[in-house]
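Chains as they are written, first to last, in our numbering: chain A, 1 to 329; chain B, 330 to 658.
Note that the Cβ used here is the ideal one computed from N, Cα and C, for glycine as well.
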């Protein structure tokens with residue numbers, strides 16, 4: 001109920017009377033009063049004025065289930081929100097919940113990951129309180145062969161969500177890094193559990209450096225945070241909400257054809273590699289070319305620089321590594 | 330060490346002296362004596378004769394780690410064997426072990442599954458003591474798109490393993506049911522955990538009705554057991570060993586091309602659907618044709634009965650259901 005009260009306080013202009021809250025949520029005055037007290041204890045500044053009611057003056061930068069849910073305007077993404085102060089990795093937690101029966105749209109979010117995961121078994125630094133460490137659980141009805149495209153859908157959602165919440169100019173480095181000012185601000189780790197012809201579940205782990213003030217030296221030249229780029233602290237809950245709303249919108253379009261044909265044009269407007277030289281690292285050989293965009297399956301289209309190498313090639317993630325020739329992006 | 334002693338007793342003709350065992354395994358007489366006593370307690374009949382040594386007279390029908398390991402002639406498949414008297418499902422247990430770091434080749438085997446799983450969320454009846462309920466964990470280095478073929482490799486291994494251990498005439502119903510006398514004797518449930526371009530792990534669950542004496546009425550017309558078909562009880566450990574040995578051999582061939590091109594001919598000699606009429610159930614339409622075999626990716630090749638429907642079609646598991654027109658097989 002805390003989430004509903006928060007949402008009422010947010011949506012209402014000016015004061016909301018206790019009576020009004022009771023009537024709208026069909027609960028007692030005592031129940032409302034208890035929730036308000038709890039919210040204050042959690043760091044919400046709520047003014048209570050006799051004969052006028054309650055006013056939300058300030059919210060803490062928290063990613064609790066109440067905070068996220070009260071900001072969220074989605075049909076299924078983020079329903080429910082499972083908040084944990086600490087977990088090994090939100091992907092692992094989401095997988096465990098999926099095996100135990102959690103449904104499509106469940107969001108797992110933690111203040112801290114003790115064993116945050118990057119792609120290919122790498123780690124992902126996830127200190128408490130500064131970042132957005134979350135995993136969206138999906139139980140799609142399409143073929144496992146289609147699932148890898150979801151990672152591009154997620155990149156689009158993060159890119160749009162961050163832009164909507166902060167105004168920051170961001171872009172995508174193929175296939176799924178979200179980049180601002182030449183540095184990576186978000187990593188995405190998509191994992192799937194499947195039978196040969198059926199998806200059990202997909203977990204999409206999203207790690208956004210939000211209010212990080214400083215990075216370890218070894219990654220500082222490649223990592224950005226929303227705070228360091230904008231100079232302002234963000235309310236992480238709002239970023240989460242905007243990302244999930246964007247995901248839901250893009251996912252709906254994705255489902256129409258179960259591929260990226262309808263999203264491709266928009267993806268390409270955010271694609272930082274587009275018309276840039278990329279270096280394709282295949283096992284045993286390396287070649288340069290110009291990235292033209294993606295095809296409807298999310299593969300990168302690259303025109304080889306060497307005219308004798310023939311026409312445009314489709315490059316699959318995993319078979320190759322793509323680097324811009326001028327540094328990281 | 331029990332496994333090593335069992336193996337020595339099995340491989341030796343006639344009696345094996347205690348001294349010989351000590352020397353070969355570099356252990357003390359007391360240690361050997363303790364192991365022999367434990368093995369006897371577990372149901373092994375071992376004769377001990379002064380000045381001659383030990384003779385294994387009879388083994389119990391168990392699938393313990395010692396029993397399976399002592400029978401196994403493989404390089405990696407079944408190393409180690411993790412035995413459990415009871416678990417929810419060996420696939421689930423193998424997945425948990427994989428997440429915790431268990432390696433390629435680990436075998437999980439249980440006397441009883443409390444929540445045995447079939448394909449597509451169906452259950453799999455797994456009573457204690459009569460069946461072979463096991464899962465082989467793989468951590469392959471190839472693309473996730475190749476993994477679904479492993480289920481056909483597993484079917485080949487089970488079919489050959491059962492034949493080697495029992496002499497029973499068996500065959501495969503595409504893609505992966507092992508059938509004898511027109512009834513299903515084994516089900517295979519392959520599950521994968523993957524990133525878009527990288528396999529975390531594959532678990533291949535194999536359920537073989539071994540010494541089952543009776544089936545529930547509702548599945549009796551479709552289910553067979555090795556005991557009911559041969560009239561003889563099998564030593565389950567021996568069946569497990571033969572299946573794993575066959576899997577290792579077929580897997581090696583599979584890895585050469587990471588597809589079924591080199592296994593296809595052998596698969597087709599065991600394919601019961603071959604040259605038979607099959608009914609292909611696509612969403613919204615149904616058609617009949619003759620199954621000709623499989624292609625190098627494991628898809629069924631079907632020549633439509635309707636001449637106007639064009640040439641041979643490739644049928645993917647999951648997109649369709651294939652039924653023989655004359656009953657179950």
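Asked, Found
"Does residue 177/A come out as helix, strand or coil in the three-state DSSP assignment?", "strand"
"As an exercise, report each continuous beta strand (DSSP E) stretch of at least 3 residues that is fully enclosed by the stretch 489-542 of chain B, in chain order.", "500-502, 506-509, 512-524, 527-538"
"For residue 169/A, count neighbouring Cβ atoms within 10 angstroms of its own Cβ and tell me buried if that reaches 16, exposed if not.", "exposed"
"If you pair each beta-carbon of the stretch 482-493 of chain B with each one of the stretch 107-126 of chain A, do three or more pairs fall below 8 Å?", "no"
"So if I threshold CB-CB distances at 8 Å, which residues from the stretch 178-198 of chain A count as touching chain B?", "189, 190, 191, 192, 193, 194, 195, 196, 197, 198"
"The beta strand (DSSP E) spanning residue 614/B covers which residue range?", "614-623"
"Please check if any C-beta of chain A sits within less than 9 Å of the C-beta of residue 357/B.", "no"
"Please return the same chain residues whose Cβ sits closer than 6 Å to the Cβ of residue 325/A, not counting the five positions on each side in sequence.", "Bear in mind that a pLDDT of 48 at residue 325/A, under 50, signals an unreliable position, so the number given afterwards is only what the model happens to contain. These residues qualify, in order along the chain: 277, 279."
"Taking only three categories from DSSP, how would you classify residue 643/B?", "strand"
"So, helix, strand or coil for residue 379/B, using DSSP?", "coil"
"Based on Cα-Cα distance, which residue from 140/A, 144/A, 117/A, 147/A lies nearest to residue 134/A?", "117/A"
"Is DSSP giving residue 651/B helix, strand or coil here?", "strand"
"Say whether chain B places a C-beta atom closer than 9 Å to the C-beta of residue 159/A.", "no"
"Measure the Cβ-Cβ separation of residue 292/A and residue 275/A and say whether it is below 9 Å.", "yes"
"Please tell me whether residue 68/A and residue 109/A are closer than 9 Å, where the distance is taken between their beta carbons.", "yes"
"Determine the contact status of residue 409/B and residue 436/B, defining contact as a CB-CB distance below 9 Å.", "yes"
"Do the stretch 7-22 of chain A and the stretch 49-56 of chain A meet, that is, are 3 or more Cβ pairs less than 8 Å apart?", "yes"
"From the beta carbon of residue 449/B, is the nearest beta carbon of chain A less than 9 Å away?", "yes"
"Could you please give the first and the last residue of the uninterrupted beta strand (DSSP E) stretch that includes residue 90/A?", "First-last for residue 90/A: 90-99, but that is the alpha helix (DSSP H), not the beta strand (DSSP E)."
"Shorter than 9 Å from the beta carbon of residue 602/B to some beta carbon of chain A?", "no"
"Evaluate contact between the stretch 540-549 of chain B and the stretch 586-593 of chain B, counting only Cβ atoms and requiring at least three cross-stretch pairs below 8 Å.", "no"
"Is it true that the CB of residue 524/B sits closer than 9 Å to the CB of residue 119/A?", "yes"
"For residue 370/B, verify whether its CB is less than 8 Å away from any heavy atom of the ligand FMN.", "This structure lacks the ligand FMN; in fact it carries no ligand of any kind."
"Cβ of residue 162/A within 9 Å of Cβ of residue 177/A?", "no"
"Flag this pair as yes or no: are the beta carbons of residue 224/A and residue 183/A separated by less than 9 Å?", "yes"
"Going by C-alpha to C-alpha distance, which of 89/A, 190/A, 201/A, 207/A sits closest to residue 179/A?", "207/A"
"Within the stretch 554-581 of chain B, note down every full alpha helix (DSSP H) run reaching 4 residues or more, in order along the chain.", "555-559"
"Determine whether the Cβ of residue 389/B lies closer than 9 Å to any Cβ atom of chain A.", "no"
"In whole angstroms, what separates the C-alpha of residue 375/B from that of residue 565/B?", "19 Å"
"Would DSSP call residue 330/B helix, strand or coil?", "coil"
"Less than 9 Å between CB atoms is the rule here; does residue 435/B satisfy it with respect to chain A?", "no"
"Which word fits residue 64/A, buried or exposed, when buried means at least 16 other C-beta atoms lie within 10 angstroms of its C-beta?", "buried"
"Quick one: what's got a C-beta closer than 7 Å to residue 316/A's C-beta in the same chain, skipping five residues either side?", "299"
"At a CB-CB cut-off below 8 Å, which residues of chain A make contact with residue 529/B?", "191"
"Check whether the Cβ of residue 480/B lies closer than 9 Å to any Cβ atom in chain A.", "yes"
"For residue 358/B, list the residues DSSP reports as bridge partners.", "Answer by DSSP bridge pairing: none, since residue 358/B is not bridged."
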